[in-house]
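2 protein chains.
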Amino acid sequence: MIEIKNMAEYLNANNIRPSVHRIKIFEYLYTKRNHPTVENIHKGLINVIPALSKTTVYNTLKQFVEKGIVQIINIEDNETRYDADTSTHGHFKCVKCGMLHDFSFDNTNLGIKDIENFDIHQTHLYIKGICKKCKN
Amino acid sequence: MIEIKNMAEYLNANNIRPSVHRIKIFEYLYTKRNHPTVENIHKGLINVIPALSKTTVYNTLKQFVEKGIVQIINIEDNETRYDADTSTHGHFKCVKCGMLHDFSFDNTNLGIKDIENFDIHQTHLYIKGICKKCKN
DNA sequence: TGTTACTTTGTAATCATTACAAAAATGAAA
DNA sequence: TTTCATTTTTGTAATGATTACAAAGTAACA
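Taken in order, these protein sequences are the chains called A and B. Heads up: the first sequence at position 6 corresponds to 6 in my numbering, and the numbers run straight through without jumps. Counting from 1 along the second sequence, just add 1000 to a position and that's the residue number in my numbering.
Have a look at this one:
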């Protein structure tokens, strides 16, 4: 994924005014890279910003998604996760430990049929199974 | 997808006792093939089974998923859809009209890296974009 | 400062889903 | 058929995630 040196500048470059909350929320996503839920982000930042409300986390993430610097990961129907890496990559969900792992794949050679002449905006691939750790 | 002649037999073969409700719900999924939500199924069957409760639709679908004859499609975070076709295939979601289209792809040649020695159970691919109709 | 726009908060509303207990239907044995 | 146990279905209440919205707070800038 892209290297970002200055969070505030990066937000600015994407037409997002870099308030302290926005910087912290983006920083959380970018540095942890653990595909957190809203709950995770809120709990993780409540020490840093004691008054942080969940509504702000929701609003901020919605804005990030609209501006294209964050993508939503929908694997389980009851947990929406967020990812600051918007480059094309897949997600592996371990059905045993629940952990999410990034992986890379070749999206130029998928052998797609039946949707000729459709405009493709985003390609999402996820795999469910058992991770290496849980196999042992 | 598989051809099913007798719904009741198919349910039986998958260890699901074929009650009238279960047959109708599966039949709906199998014949419509339109990736319905719980709401869609309930509305679509309320004429056939006037007393049908949503709880029954939820319970029945959960059972179908557990027995492996139906898969969940999670594309948007606020709408869970269901598909009686459990063979490996992708879903294209048109961001304009909202329609879902099936497509086939080659899941043997994805060039996956970074998750060597992981056990793969299911591969899910979905694409967002604009469908042929909406382009015109 | 004063004014205006933007951001954040907190509560209430909404909506999908689940829990659960009661009612209904089914099926097998007598 | 009648009885009894089991399974299925229903309907309401509870839960939990997300959104709406108005009030409070903050920043920008003349």
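All residues carry an ideal CB built from backbone N, CA and C; glycine is no exception.
Can you find a C-beta in chain A that's less than 8 Å from the C-beta of Tyr1047 (chain B)?
Stepping through the second sequence from its first residue, residue 1047 (chain B) is reached at position 47. The sequence shown places Asn at residue 1047 (chain B), rather than the Tyr named in the question. No, Asn1047 (chain B) does not count as interfacial toward chain A.
Which residues in chain B sit within 7 Å of Ser104 (chain A), going by Cβ to Cβ distance?
Along the first sequence, one-based indexing puts residue 104 (chain A) at 104. Result: Lys1113, Asp1114.
Show which residues of chain B have a CB atom less than 9 Å away from the CB atom of Phe64 (chain A).
Within the first sequence, residue 64 (chain A) is the residue found at index 64, counting from 1. Simply none; closest approach about 14 Å.
In whole angstroms, give me the CA-to-CA distance for Asn109 (chain A) and Pro1018 (chain B).
Reading the first sequence from its first residue, position 109 is the one you call residue 109 (chain A). Reading the second sequence from its first residue, position 18 is the one you call residue 1018 (chain B). Whole-angstrom Cα-Cα distance: 42 Å.
Determine whether the Cβ of Gln1071 (chain B) lies closer than 8 Å to any Cβ atom of chain A.
Here the question's residue 1071 (chain B) lines up with position 71 in the second sequence. No, its Cβ sits nowhere closer than 8 Å to a Cβ of chain A.
Could you please give the first and the last residue of the uninterrupted beta strand (DSSP E) stretch that includes Cys94 (chain A)?
Taking the first sequence and counting its residues from 1, the one referred to as residue 94 (chain A) is at position 94. First-last of the beta strand (DSSP E) with Cys94 (chain A): 90–94.
Just tell me which of A:Asn117, A:Lys93, A:Phe103 has its CA closest to the CA of Cys131 (chain A).
The count along the first sequence starts at 1 and reaches residue 131 (chain A) at position 131. Distance from the Cα of Cys131 (chain A) is smallest, within the candidate group A:Asn117, A:Lys93, A:Phe103, for A:Lys93.
Would you tell me roughly how many angstroms separate the C-alpha atoms of Thr1037 (chain B) and Lys1054 (chain B), rounded to the nearest one?
Translated into the one-based positions of the second sequence, residue 1037 (chain B) becomes position 37. Translated into the one-based positions of the second sequence, residue 1054 (chain B) becomes position 54. Their backbone Cα atoms lie some 11 Å apart in a straight line.
Which residue's Cα is closest to the Cα of Tyr58 (chain A): A:Tyr126, A:Asn78, A:Tyr82?
Position 58 of the first sequence holds residue 58 (chain A). The option with the nearest alpha carbon to Tyr58 (chain A) is A:Tyr82.
Could you check whether Arg33 (chain A) and Thr60 (chain A) sit closer than 8 Å to each other, using their CB atoms as the reference points?
The residue labelled residue 60 (chain A) in the question sits at position 60 within the first sequence. The residue labelled residue 33 (chain A) in the question sits at position 33 within the first sequence. No; because the gap between Cβ atoms is not below 8 Å, this pair is not in contact.
Asp1106 (chain B) and Asn74 (chain A) look like a contact to me (Cβ under 8 Å); what is the Cβ gap, rounded to whole Å?
Sequence index remark: in the second sequence, residue 1106 (chain B) carries index 106 (1-based). Sequence index remark: in the first sequence, residue 74 (chain A) carries index 74 (1-based). Contact doesn't hold; Cβ gap of about 24 Å is too wide.
Compare the C-alpha of Cys134 (chain A) against each of A:Leu52, A:Leu29, A:Ile25, A:Met99 and name the closest.
In the first sequence, the residue the question calls residue 134 (chain A) occupies position 134. Cα-wise, what sits closest to Cys134 (chain A) is A:Met99.
Could you check the C-alpha separation between Ile120 (chain A) and Leu1045 (chain B) for me, to the nearest Å?
Position 120 of the first sequence, counting from 1, holds the residue named residue 120 (chain A). Position 45 of the second sequence, counting from 1, holds the residue named residue 1045 (chain B). Ile120 (chain A) and Leu1045 (chain B) have their alpha carbons spaced roughly 34 Å apart.
Near Tyr1030 (chain B), what residues of its chain come up, given a Cβ to Cβ distance below 8 Å and the 5 sequence neighbours on each side ignored?
The count along the second sequence starts at 1 and reaches residue 1030 (chain B) at position 30. Taken in chain order, the residues that qualify are Ile1004, Met1007, Ala1084.
Does any CB atom of chain A fall closer than 8 Å to the CB of Gly1098 (chain B)?
Counting from one through the second sequence, the residue named residue 1098 (chain B) turns up at place 98. No, no contact with chain A.
State the Cα-Cα distance for the pair Val1152 (chain B) and Lys43 (chain A), rounded to the nearest angstrom.
Residue 1152 (chain B) lies beyond the range of chain B shown here (1001 to 1136); nothing can be said about it.
Quick one: what does DSSP say Ile1112 (chain B) is sitting in, helix, strand or coil?
Sequence index remark: in the second sequence, residue 1112 (chain B) carries index 112 (1-based). The answer is coil: DSSP assigns Ile1112 (chain B) none of H, G, I, E or B.
Does the distance from the CB of Ile25 (chain A) to the CB of Ile2 (chain A) come in under 8 Å?
Here residue 25 (chain A) corresponds to residue number 25 of the first sequence, with the count starting at 1. Here residue 2 (chain A) corresponds to residue number 2 of the first sequence, with the count starting at 1. No, Cβ-Cβ distance for Ile25 (chain A) and Ile2 (chain A) is not below 8 Å.
Can you give the Cα-Cα distance for Thr1056 (chain B) and Asn14 (chain A), rounded to whole angstroms?
For the purposes of this step, residue 1056 (chain B) is taken as residue 56 along the second sequence, with counting starting at 1. For the purposes of this step, residue 14 (chain A) is taken as residue 14 along the first sequence, with counting starting at 1. Approximately 47 Å, taken between the alpha carbons.
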